[in-house]
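Undergrad: Take a look at this one; I'll ask things after.
2 protein chains.
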Amino acid sequence: MSILHYLFPILEWSKSYSLKSFQSDTMAGLTLASLSIPQSIGYANLAKLDPQYGLYTSAVPPLLYAVMGTSRDIAIGPVAIVSLLLSSMVQKIADPAIDPALYRKMIFTVTFLTGVFQFAFGLFRLGFLVDFLSHAAITGFMGGAAIVIGLQQLKGLLGLSHFTSNTDVVSVTKAVWVSVHEPWHPENFFIGCSFFLFILGMRFIGRKNKLFWVSAIAPVLSVVLSTLIVYMTRADNRGVKIIQNVDAGINSSSVKQINLNGPYVIECAKIALIFAVIALTEAIAVGRSFSVINGYKLDGNKEMIAMGFMNVGGSLSSCYVATGSFSRTAVNFTAGCKTAVSNVVMAAIVMVTLEVLTKLLFYTPVSILASIILSALPGLINVHEVCILWKVDKMDFLTCMGSFLGVLFGSVEIGLSVAIGVSFFKVIVHSIRPQVVILGRVQGTNIFCNFKQYPMVCQTPVVLTTRIDTSFLCFINANFIRERITELVTQNLQEIRSVVLDMSNVVDIDTAGLAALEELNGELVSRGIQMAIANPGWKFVHKMKLARLVDRIGESWIFLTVGEAVEACLGNKKGVDLDC
Amino acid sequence: MSILHYLFPILEWSKSYSLKSFQSDTMAGLTLASLSIPQSIGYANLAKLDPQYGLYTSAVPPLLYAVMGTSRDIAIGPVAIVSLLLSSMVQKIADPAIDPALYRKMIFTVTFLTGVFQFAFGLFRLGFLVDFLSHAAITGFMGGAAIVIGLQQLKGLLGLSHFTSNTDVVSVTKAVWVSVHEPWHPENFFIGCSFFLFILGMRFIGRKNKLFWVSAIAPVLSVVLSTLIVYMTRADNRGVKIIQNVDAGINSSSVKQINLNGPYVIECAKIALIFAVIALTEAIAVGRSFSVINGYKLDGNKEMIAMGFMNVGGSLSSCYVATGSFSRTAVNFTAGCKTAVSNVVMAAIVMVTLEVLTKLLFYTPVSILASIILSALPGLINVHEVCILWKVDKMDFLTCMGSFLGVLFGSVEIGLSVAIGVSFFKVIVHSIRPQVVILGRVQGTNIFCNFKQYPMVCQTPVVLTTRIDTSFLCFINANFIRERITELVTQNLQEIRSVVLDMSNVVDIDTAGLAALEELNGELVSRGIQMAIANPGWKFVHKMKLARLVDRIGESWIFLTVGEAVEACLGNKKGVDLDC
Chain A
1 MSILHYLFPI LEWSKSYSLK SFQSDTMAGL TLASLSIPQS IGYANLAKLD
51 PQYGLYTSAV PPLLYAVMGT SRDIAIGPVA IVSLLLSSMV QKIADPAIDP
101 ALYRKMIFTV TFLTGVFQFA FGLFRLGFLV DFLSHAAITG FMGGAAIVIG
151 LQQLKGLLGL SHFTSNTDVV SVTKAVWVSV HEPWHPENFF IGCSFFLFIL
201 GMRFIGRKNK LFWVSAIAPV LSVVLSTLIV YMTRADNRGV KIIQNVDAGI
251 NSSSVKQINL NGPYVIECAK IALIFAVIAL TEAIAVGRSF SVINGYKLDG
301 NKEMIAMGFM NVGGSLSSCY VATGSFSRTA VNFTAGCKTA VSNVVMAAIV
351 MVTLEVLTKL LFYTPVSILA SIILSALPGL INVHEVCILW KVDKMDFLTC
401 MGSFLGVLFG SVEIGLSVAI GVSFFKVIVH SIRPQVVILG RVQGTNIFCN
451 FKQYPMVCQT PVVLTTRIDT SFLCFINANF IRERITELVT QNLQEIRSVV
501 LDMSNVVDID TAGLAALEEL NGELVSRGIQ MAIANPGWKF VHKMKLARLV
551 DRIGESWIFL TVGEAVEACL GNKKGVDLDC
Chain U
1 MSILHYLFPI LEWSKSYSLK SFQSDTMAGL TLASLSIPQS IGYANLAKLD
51 PQYGLYTSAV PPLLYAVMGT SRDIAIGPVA IVSLLLSSMV QKIADPAIDP
101 ALYRKMIFTV TFLTGVFQFA FGLFRLGFLV DFLSHAAITG FMGGAAIVIG
151 LQQLKGLLGL SHFTSNTDVV SVTKAVWVSV HEPWHPENFF IGCSFFLFIL
201 GMRFIGRKNK LFWVSAIAPV LSVVLSTLIV YMTRADNRGV KIIQNVDAGI
251 NSSSVKQINL NGPYVIECAK IALIFAVIAL TEAIAVGRSF SVINGYKLDG
301 NKEMIAMGFM NVGGSLSSCY VATGSFSRTA VNFTAGCKTA VSNVVMAAIV
351 MVTLEVLTKL LFYTPVSILA SIILSALPGL INVHEVCILW KVDKMDFLTC
401 MGSFLGVLFG SVEIGLSVAI GVSFFKVIVH SIRPQVVILG RVQGTNIFCN
451 FKQYPMVCQT PVVLTTRIDT SFLCFINANF IRERITELVT QNLQEIRSVV
501 LDMSNVVDID TAGLAALEEL NGELVSRGIQ MAIANPGWKF VHKMKLARLV
551 DRIGESWIFL TVGEAVEACL GNKKGVDLDC
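Order-wise, the sequence lines are chains A and U. Residue numbers for the first sequence follow UniProt numbering, so the first one is 1 and each next one is one higher. Residue numbers for the second sequence follow UniProt numbering, so the first one is 1 and each next one is one higher.
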C-alpha cells in the first residue's frame with residue numbers, strides 16, 4: 001500500500017482535490033492545449049515524423065505523468081531540443097527520407113530504452129547523474145540548440161524540398177545558400193514571416209497588458225488563420241507547402257515496432273542513455289524551479305521513475321521521448337494550474353483533436369509550423385544568464401561557451417561531450433592545487449583564522465599554523481601540499497620550532513597523502529621542527545592509525561583544536577605570552 | 001650566470017668537492033659499474049637491441065646527468081621496465097626481427113621526443129604530471145611488469161628461437177607451451193638456472209654478513225664464470241646460445257637516425273609522452289626517497305630539465321631512454337657515494353669496457369642475461385606495499401590491482417590507463433558526495449566541533465549548525481548538499497529557527513553552487529528559518545557578492561566564526577543560556 005502511495009502520488013493529493021482547483025486546472029489545461037497542439041505538430045516536424053506523432057506525444061505521456069509525477073506545474077509533451085536531437089541522432093541509423101517505417105521503429109525503440117534508463121536511474125537513486133550536466137553547460141547547450149533549430153526552420157520557411165541532415169551552422173548555411181539559387185516559392189516565406197511577426201506582436205501585447213492568454217493562444221490562432229487563408233486562396237496550387245493528410249484517431253499501439261534484438265539495438269541504447277540524461281535534466285530543472293516558487297518538495301528519484309514509466313508507456317503507444325517543456329510549464333503556471341490535472345485536461349483536448357479535427361489541418365501551411373517553432377526559440381537563448389556566468393565564474397562561462405560552440409559548429413553530441421569534459425576538468429584541476437593558508441590567532445581568543453583574509457589576526461611566534469584546504473588529501477595534491485608547507489617553513493623570517501597542520505578540512509586521505517605527510521614529518525624532524533596535527537576527521541585518523549603514522553608523529557601531537565595544538569607547541573618554548 | 005648555476009648544479013657543489021669524497025665516489029662507481037654492465041646488456045636484450053646499445057645507455061646519460069642533476073645518489077642508465085615497454089610499444093611500428101635498422105631509428109626518435117617532453121615538463125613546471133601516476137598505480141604496474149618481464153626471460157632461459165611479441169601472460173605461456181614441444185636445448189636452461197641460483201645465493205650471503213658488495217659483484221662474476229665455462233667447453237656447439245659479436249667502440253652519433261618528419265612521428269610522440277611520464281615518475285620517486293634519507297632538497301622541475309637534456313643527448317649518441325634505476329641507486333647509496341661523480345666513474349668504466357672488453361663477451365651465454373634480469377625482478381614486486389594498500393585504503397588497492405592485472409592480462413598501456421582511470425574516478429567520486437556534518441559547541445567555549453566525532457559537545461537549541469566538508473561547492477555536489485541540509489532540518493526533532501552553514505572548508509564555489517545556496521535560502525525562508533553563513537573564504541565571498549547572493553541572505557547574516565553566527569541566531573530567541 002505504501003509502495004502504491006509512493007509510486008502514485010495521485011492517491012495522496014486526489015483525496016483533498018476540490019472542485020475549485022478543478023476549475024482552475026481546466027482553465028490552465030485549455031490554455032495549455034491551445035499552445036501545445038500547434039507546437040506538438042511543429043516539433044513532430046522537427047523530429048522528422050508525421051504531425052500526428054507530435055499530438056500522440058502530447059496525449060499519453062501527460063496522462064501517465066499525472067498519476068505518477070510529483071510536480072504540480074510541469075507541462076509534459078514533446079520539446080524542441082529533444083525533437084531535434086532525436087532526428088539528428090536516429091537518422092544516422094535509419095534515414096527517414098528513405099525508410100520512414102524503420103526510422104519510426106528506431107524512434108520508438110530509443111524512446112522505450114530512454115524510459116527504461118530513466119526508470120533505472122530513479123530505482124537506483126542515481127539522481128546525481130542529472131547534476132553532471134551543470135546549469136552552465138545546459139545554458140550553452142540550449143542556446144546552441146536553439147540557433148541550430150532556428151536554422152533548420154529555414155527549410156520550412158523557404159519551402160525548400162531538399163536540405164542537409166547535418167545540424168551544424170556551416171553545412172546548414174551552405175545548404176540554404178545552394179537551395180536559394182534553385183527556384184523557390186516566396187509565398188511560404190511570406191506566410192511564415194508574417195505569422196512569426198504576428199505571434200511576436202501578440203506576445204508583446206500580452207506582456208504589455210499582462211494578458212498572458214493573448215500570447216498563449218497566438219500560435220493556435222495563427223494556425224487557424226493561415227489554414228483559412230490557404231484554403232480560401234488555394235495558395236497550395238501556387239507552391240505553398242501544406243501539411244496535407246494527418247492520420248485521424250488517437251494513439252495506436254506501437255508494441256510490435258519496438259525491436260530490442262535487432263542489429264541497431266546497441267546504437268539505440270547509446271542514444272537512449274544520452275536522452276535519458278538530457279530529458280531528465282530538463283524536466284527536473286523545470287520542475288524544481290517551479291516547486292521552489294510554490295514551496296513544495298520535488299523528489300528527484302520519484303520524478304525519474306515517473307518519467308521512466310511515462311516514456312516506456314509512450315513508446316508503446318507511438319509517442320516519442322516526452323519531457324517537461326519550460327515554455328509550456330510557464331504558461332501552465334501563469335494560467336493558474338493547481339495540480340497535474342491540467343495535463344489531463346490538455347491530453348483530453350489533444351485526443352479530441354486527434355479524433356475530430358485532424359482533417360482541418362489539411363491546408364495548414366508547413367511554414368506556419370516553422371514560425372511557431374521559431375517563436376518558441378527566444379526562450380531557450382538566455383543571454384542574461386551567460387553574462388552572469390561570465391561575471392561570476394569564468395570556468396562556468398567556458399563550459400557554457402564550449403557546449404554552445406560545440407553544438408553550433410560540431411554536433412549536439414560534441415557540444416555535450418565538450419560541456420561534460422570541461423566540467424570534470426574543472427573539478428580535477430580544483431583538487432590539484434589546493435590552498436595551504438597560514439592561520440593567525442584572533443587577539444585574546446583561541447580562534448585561528450586565515451591570516452591573508454583577516455589581517456587583524458597575528459601569527460604566533462616560533463609556531464607556524466597552517467590549514468590545508470582540500471577535502472581529499474590524495475595523490476594529485478599530496479606532494480604539492482608537502483612542498484608548499486616546507487616552502488612556508490623556509491620562507492618564514494623568524495625561526496620555526498613547530499608546525500601545526502589544521503586538518504579540519506581534510507575529510508579523507510589516500511596512501512599517497514599519508515606518504516606525503518610522513519615525508520613531511522621526516523623533513524621537519526631532520527630540521528628539528530615538531531609537527532602537530534589539529535582536528536583531524538575520523539576517516540583521516542583511522543587511516544593514520546592503520547598506516548602507523550600516528551606512532552611516527554606521536555599520539556601526543558594530535559589535537560582536537562588548533563588552539564590546543566598551538567598551546568602545546570608554545571609549551572616547548574618558555575616565556576611566550578599566550579595572548580599572541 | 002645564475003641561470004648557468006641553476007642549469008648546472010655541478011658548478012655549485014664542485015667548488016666544495018674534496019678528495020675524500022672522490023675516493024668514496026670512485027669506490028661506489030666501481031661497484032655500480034660491476035652491476036650495471038651486465039644489467040645493461042640484459043636490458044638491451046629486453047629492449048630487442050644489440051648488447052652494445054645497453055652499454056651506450058650506461059655511458060652518455062650518466063655523464064650528462066652528473067653535470068645537470070640535483071640528486072647525489074641516483075644511478076642513471078637503462079632500466080628493466082622502460083626497456084620492456086620500449087620494445088613492446090615500438091615494435092608495433094617497426095618489427096625488430098624484420099627491419100632492425102628502422103626499429104632502431106624509431107627507438108632513437110622516441111628517446112629524443114621523450115627528452116623533449118621531459119624538458120618541456122620541467123620548463124613549464126608541470127611537475128604535477130608525475131603525481132598523476134599515484135604510488136599505488138606504480139606499485140601495481142611495476143609488479144605486473146616484473147612478472148611480464150620474467151616471463152619474457154623464458155625465451156632466453158629456454159634458448160627458444162621464435163617467441164611471441166605480446167607481453168600478456170596468456171600469449172606468453174601459450175608461446176612457451178608451443179615451443180617446448182619443439183626441440184630445445186636444456187643446456188641454456190641449466191646454465192641460466194644455476195647462475196640465477198648463484199646470484200640469489202650470493203645476495204643471501206651478502207645480506208646475512210652485511211657484505212653488500214658480495215651481492216653487487218655477483219652478476220658480473222656470473223657473466224665472467226659462465227663465459228669462461230662456455231669458452232672452455234665450447235658449449236656453443238652443443239646449442240648453447242651465445243651473444244657473439246658485440247660492436248667495439250664507444251657511442252657513435254645517431255643524429256641522422258632521428259627522423260621527425262617521417263610517417264610514424266605522431267605514433268612516436270604518443271609513445272614518448274607515456275615514457276616521459278613513466279621515466280620521470282620512476283626517477284623522481286627514486287631520487288626523492290634517497291634525498292629524504294640524506295636530508296637534501298630535490299627540485300622536481302630541475303630534475304625534469306636534467307632528465308630531458310640527458311635523454312635528448314642520449315638519443316643523439318645511440319642511447320635509448322635512460323632513467324634512475326632503483327636497485328642500482330640502492331647499491332650506489334650503500335657503496336657510500338657522495339655525489340653524482342660515482343655516475344661519472346661508472347660511465348668511464350663502461351666506456352673502457354666498450355673500447356676494450358667487448359670481444360670477451362663473444363662467448364657469454366644469452367641465458368645468463370636472462371638470469372641477471374630475473375635476479376633483478378624481485379625488487380620490483382612489493383607484496384608488503386600491496387598489503388598496506390589493502391589495509392589502509394581499498395580504493396588505492398583497487399588502483400594497484402587494476403594496473404597490475406591490466407599489465408598482466410592486457411598490455412602495458414591498458415594497465416596504465418586503468419590505473420589513471422581509477423585514480424581520477426576516485427577524485428571525482430570523492431567530490432560527488434561530500435559530508436555535511438552537524439556541529440556542536442564544546443561546553444563553555446566558542447569552539448564548534450563535529451557532533452558525531454566528539455559526542456561530548458552539545459548541539460545548540462533552535463540553531464542547526466552544519467559544516468560543509470568540500471573544498472569546491474560545485475555542480476556535482478551542490479544539489480546533494482542542498483538536499484542534505486533540508487533533510488537535516490526536517491529530521492531534526494526540535495524546531496529549528498535558524499541554520500548556520502560553516503563554510504570554512506569551502507574554498508571555491510561555482511554558479512551551480514551559488515544557485516543551490518540561493519535555492520536553499522529560499523526554501524528555509526519559506527519555512528521561516530534564518531540562514532547564516534560562517535567563515536566563508538574570500539573567493540566564496542567575492543562570488544556571492546557578484547551573484548548578488550549576499551543581498552538575498554543579508555550582509556548581517558555572514559559571520560567570521562561559527563560562534564558569532566550562533567550567538568546572533570540565538571539572539572533571535574530570548575532566554576537561552578549561551579553556554580549551550
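Beta carbons are placed, not taken as given, at the ideal position from N, Cα and C, and that holds for glycine.
Please list, in chain order, the chain A residues whose beta carbon lies closer than 8 Å to that of N521 (chain U).
TA: Here the premise fails: no neighbours, minimum Cβ distance about 10 Å.
Undergrad: Evaluate contact between the segment 79-90 of chain A and the segment 350-358 of chain A, counting only Cβ atoms and requiring at least three cross-stretch pairs below 8 Å.
TA: They do not touch, by the three-pair rule.
Undergrad: Helix, strand or coil for P434 (chain A), going by three-state DSSP, please let me know.
TA: Looking at P434 (chain A) - three-state DSSP - the assignment turns out to be coil, as it is neither helix nor strand.
Undergrad: Between P461 (chain U) and T490 (chain U), what straight-line distance do the alpha-carbon atoms span, to the nearest angstrom?
TA: If I take the Cα positions, the gap works out to 15 Å.
Undergrad: Could you please give me the residues that DSSP links to M307 (chain A) through a beta bridge?
TA: Per DSSP, none; premise fails for M307 (chain A).
Undergrad: Using a Cβ-Cβ cutoff of less than 6 Å, which residues in the same chain neighbour I274 (chain A) once the five nearest sequence positions on both sides are dropped?
TA: Cβ neighbours of I274 (chain A) beyond the five flanking positions: none.
Undergrad: Taking the alpha helix (DSSP H) that D396 (chain A) belongs to, which residues open and close that run?
TA: 394-409 is the extent of the alpha helix (DSSP H) around D396 (chain A).
Undergrad: Closer than 8 Å is the cut-off here; do at least three beta carbon pairs connect the segment 237-252 of chain A with the segment 199-212 of chain A?
TA: Counting Cβ pairs under 8 Å, fewer than three are found: no touch.
Undergrad: To which residues of the same chain is A248 (chain A) closer than 6 Å at the C-beta, ignoring the five residues directly before and after it?
TA: Hits under 6 Å: T358.
Undergrad: Going by DSSP, what residue range makes up the alpha helix (DSSP H) through Q152 (chain A)?
TA: Unbroken alpha helix (DSSP H) run through Q152 (chain A): 135-158.
Undergrad: Taking the alpha-carbon positions, what's the L405 (chain U) to M89 (chain U) distance?
TA: Near 18 Å, if we compare the C-alpha coordinates of M89 (chain U) and L405 (chain U).
Undergrad: If we cut at 7 Å on Cβ distances, does I432 (chain U) have a partner in chain A?
TA: I432 (chain U) counts as touching chain A.
Undergrad: Give the DSSP-derived three-state secondary structure of Q23 (chain U) in the structure shown.
TA: Here Q23 (chain U) sits in helix by DSSP.
Undergrad: Looking at chain A, is there any beta carbon in it that lies within less than 7 Å of the beta carbon of D73 (chain U)?
TA: No, no contact with chain A.
Undergrad: Label Y43 (chain U) either buried or exposed according to how many other C-beta atoms from any shown protein chain fall within 10 Å of its C-beta, with 16 as the threshold for buried.
TA: With 16 or more other Cβ atoms within 10 Å, it is buried.
Undergrad: I'd like the ranges of any alpha helix (DSSP H) spanning at least 4 consecutive residues and lying wholly in the segment 81-137 of chain U.
TA: The segment 81-137 of chain U contains these whole alpha helix (DSSP H) runs: 100-123, 128-131.
Undergrad: Taking DSSP as the reference, what is the three-state secondary structure of G554 (chain U)?
TA: Three-state DSSP puts G554 (chain U) in coil, outside helix and strand.
Undergrad: Just verifying my parser: in three-state terms, what is the DSSP assignment at I476 (chain A)?
TA: The answer is coil: DSSP assigns I476 (chain A) none of H, G, I, E or B.
Undergrad: Since A136 (chain A) meets chain U, which of its residues come closer than 8 Å, beta carbon to beta carbon?
TA: Residues of chain U passing the Cβ test: F475, D510, T511, A512.
Undergrad: Considering Cα atoms alone, identify which of U:G528, U:A534, U:R552, U:F212 is closest to E564 (chain U).
TA: For the residues U:G528, U:A534, U:R552, U:F212, the minimum Cα distance to E564 (chain U) belongs to U:A534.
Undergrad: If you measure from the beta carbon of C569 (chain A) to each beta carbon in chain U, is any gap under 7 Å?
TA: Not one chain U Cβ lies under 7 Å of C569 (chain A).
Undergrad: Is there a C-beta anywhere in chain U that falls below 7 Å from the one on N382 (chain A)?
TA: So, not an interface residue.
Undergrad: What number of angstroms, rounded off, separates the C-alpha of V566 (chain U) from the C-alpha of I558 (chain A)?
TA: Each residue's alpha carbon lies about 27 Å from the other.
Undergrad: To the nearest angstrom, how far is it from the Cα of L46 (chain U) to the Cα of S526 (chain A)?
TA: So the two alpha carbons sit approximately 41 Å from each other.
Undergrad: List the residues that DSSP assigns as beta-bridge partners of Q494 (chain U).
TA: Note: Q494 (chain U) sits in no beta bridge, so no partner.
Undergrad: Would a check of beta-carbon distances place N479 (chain U) closer than 7 Å to chain A?
TA: Taking Cβ atoms only, chain A reaches closer than 7 Å to N479 (chain U), which makes this a yes.
Undergrad: Pull out every residue of the segment 488-508 of chain A whose Cβ sits closer than 8 Å to any Cβ of chain U, in chain order.
TA: Going along the segment 488-508 of chain A in chain order, one finds S504, N505, V507, D508 with a Cβ nearer than 8 Å to chain U.
Undergrad: Tell me whether V321 (chain U) sits in a helix, a strand or coil according to DSSP, three-state version.
TA: Here V321 (chain U) sits in coil by DSSP.
Undergrad: Give the straight-line distance between the Cα atoms of T227 (chain U) and P365 (chain U), rounded to the nearest whole angstrom.
TA: Rounded to whole angstroms, T227 (chain U) to P365 (chain U) spans 7 Å at the Cα level.
Undergrad: Could you check the C-alpha separation between H384 (chain U) and A547 (chain U) for me, to the nearest Å?
TA: Whole-angstrom Cα-Cα distance: 52 Å.
Undergrad: Within the same chain, show all residues whose beta-carbon is closer than 6 Å to that of residue 582 (chain A), passing over the 5 residues directly before and after it, in chain order.
TA: The structure shown does not extend to residue 582 (chain A), since chain A spans only 1 to 580, so no value can be given for it.
Undergrad: Using the three-state DSSP reduction, which class does C337 (chain U) fall into: helix, strand or coil?
TA: DSSP places C337 (chain U) in coil when its eight states are reduced to three.
Undergrad: Please check if any C-beta of chain U sits within less than 7 Å of the C-beta of K543 (chain A).
TA: Chain U, which has a Cβ nearer than 7 Å to the Cβ of K543 (chain A), makes this yes.
Undergrad: Across which residues does DSSP place F559 (chain U) in a beta bridge pair?
TA: In the DSSP output, where bridge partners are listed per residue, F559 (chain U) has U:A534.
Undergrad: Between the C-alpha atoms of M503 (chain A) and N294 (chain A), what's the straight-line distance to the nearest angstrom?
TA: So the two alpha carbons sit approximately 41 Å from each other.
Undergrad: Would you say L151 (chain A) and F189 (chain A) are within 7 Å of each other, going by their C-beta atoms?
TA: No.
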